[in-house]
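Take the sequence shown: its position 124, counted from the start at 1, is 130 in my numbering, and no numbers get skipped.
Cβ atoms here follow ideal geometry from the backbone N, Cα and C, with glycine treated the same way.
First up is the structure itself, then whatever we jot down about it.
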Amino acid sequence: MSPLGWDAPVDLEKEPAEVPDPETTEVPASLRAVIEDHMANYPDRRSATLPALAAAQRVHGWCSPQAIEQVAAVMRLTPAYLESVASFYDMLETHPVGRHAVFVCTNISCSLRGADELYEAALAATADDAEINVRAFECLGACDIAPMASVDGVYVGPLTPGDLPELLADIHAGRPVLPDRQLARRPVADPHANTREFPEHPIEALPDEDAANLELPVEDPAAAIGEPGGERPGPSAPLEEPPEHGEADSS
Ligand code: FES
């Protein structure tokens, strides 16, 4: 039963938690910096709640009372407000889970191709493995590699129960998971889209201070942000214009 979610009864005797004192609440410096960065993006600091909780979850493994307290201290919000958000969004964990997330898609395309057996096999294979958090998930948007799973955010498929020993061994060894089955490394029609060269991400490859100042090459800023008129590699969809006055009645 979740200690923070819908299943937890309200303790009517408990004093309402106040905004933690930022002077006495210890917050890891890197977590504080990430949360403050997100807060700086919005006029209302509450808008940064989801990325702030996600950052705390990455540090603590779940939205623990300590994680909530730290976010509350930095954002100057009550723990109750943050708990209400954390208990609503199911990718924010409100109880301890394995730090590696294996989300097995069991929606229709994957289910028709054996996802339910895959999910049951994954549960059985990780029953005693405290490091792995196996969950069934709705369509992850990669039906062309059904049945598939997201492993710490990396899409792999098609999978069979027979792939699980190698998949789990890769996770525990810190290796790329089933590299030949990763969606991001599949050759596709666009020769520039994917690669099998396994390059390191340019930001991950740099020390933190260099990554923060990294300017990625952008030849045409308009194209980079999708502004009309920017050069794009493929055909552009025409802009929709409202019909001329009277045109709508002529059909
Ligand atoms: S149904 Fe599994 S990715 Fe869409």
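Buried or exposed (CB count within 10 angstroms, at least 16 for buried), residue i
i    : result
I74  : buried
H44  : buried
P22  : exposed
M97  : exposed
V33  : buried
V140 : buried
H101 : exposed
L59  : buried
E29  : exposed
H66  : buried
L118 : exposed
V4   : No answer is possible for residue 4: it lies beyond the span of the chain, which begins at 7 and ends at 257.
G147 : exposed
V157 : buried
A35  : exposed
A130 : exposed
G168 : exposed
P49  : exposed
P26  : buried
S90  : exposed
E99  : buried
A175 : exposed
A179 : exposed
A46  : exposed
Contact belief for residue i with residue j at Cβ below 8 angstroms, rounded distance in angstroms
i    : j    : result
I278 : Y161 : Any question about residue 278 goes unanswered here, given that the chain covers just 7 to 257.
Q76  : L18  : At roughly 27 angstroms, the Cβ-Cβ gap does not stay under 8 angstroms, so Q76 and L18 are not in contact.
Y125 : V110 : 4 angstroms
M81  : A54  : 7 angstroms
R5   : E137 : Because the chain here runs from 7 to 257, residue 5 falls outside it and cannot be looked at.
P153 : G120 : 5 angstroms
L184 : E172 : 6 angstroms
T31  : A62  : The pair is not a contact, with the Cβ atoms about 12 angstroms apart (cut-off 8 angstroms).
T112 : A142 : 4 angstroms
V40  : W68  : That pair is no contact at about 17 angstroms.
R187 : G163 : 6 angstroms
Run of the alpha helix (DSSP H) containing residue i, from where it starts to where it stops
i    : result
D169 : Neither: D169 is in no alpha helix (DSSP H) and is coded neither H nor E.
L59  : 55-66
P43  : Strictly speaking, residue 43 in this sequence is Asp, with Pro absent from that position. First-last of the alpha helix (DSSP H) with D43: 35-45.
Beta strand (DSSP E) runs wholly inside the region 82-162, at least 3 long, in chain order: 106-111, 138-143, 155-157, 160-162
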